[in-house]
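Structure first, then comments.
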Amino acid sequence: MNGEPTIPSCESRFPAVTASIAAARHWVRDCVEGFGGSPHQHRMIQTAELLVSELITNAIRHGAGPPLIRLTWNGRLLRIAVSDYSDRRPRMRVTQSTEPGGFGMQLLELLAHRWGVTPRHPGKTVWAELSFAP
């Protein structure tokens, strides 16, 4: 050990099927509960579950290959990263309130402290940070 503090993280790859959306939500809850210690843990879990649902849905619908989800907690920021093998970047679209979908990126914009897309070879990682500082 080099004296550096360990940053808690979890990582899991999910099959590119719709059943993975619910499985990812449960996995997020277990992972964040394992980080422990946050006074905002309940809100953090709910928000993380919602954003992971949206990001993995996008990865399954518009990406390629089985999505990889990684959560990292540094004590004040929860970083959610969802990777897939497609180079296609997510885009914000104008949706009508009567449409059954298309709000995922709007939720990400609204709920995340910040978010972005990092190119990978192959594919990309869509990431979001949730701030839970006291």
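Under the numbering used here, think of the first position of the sequence shown as 1033, with each following residue one higher. We put the beta carbon where it would ideally sit given N, CA and C, even for glycine. Since the structure is predicted, the reported quantities are computational estimates derived from the model, not experimental observations.
- The C-beta separation of A1080 from L1162 comes to about 6 Å, placing the pair in contact by the 8 Å criterion.
- For T1157, the beta-bridge partners assigned by DSSP are S1115, T1150.
- Excluding its 5 nearest sequence neighbours in each direction, H1094 has C-beta neighbours in its own chain below 8 Å: S1118, R1120, P1122, listed in chain order.
- The segment 1098-1108 and the segment 1137-1151 do not touch, with fewer than three beta-carbon pairs separated by less than 8 Å.
- C-alpha of D1062 to C-alpha of L1110: approximately 14 Å in a straight line.
- K1156 has its alpha-carbon roughly 24 Å from the corresponding atom of I1077.
- Linking L1103 to R1146 through their CA atoms gives a straight-line distance of about 15 Å.
- DSSP places R1102 in no alpha helix (DSSP H) but in the uninterrupted beta strand (DSSP E) bounded by 1100-1105.
- Counted as a single uninterrupted DSSP element, the beta strand (DSSP E) harbouring R1045 occupies residues 1041-1045.
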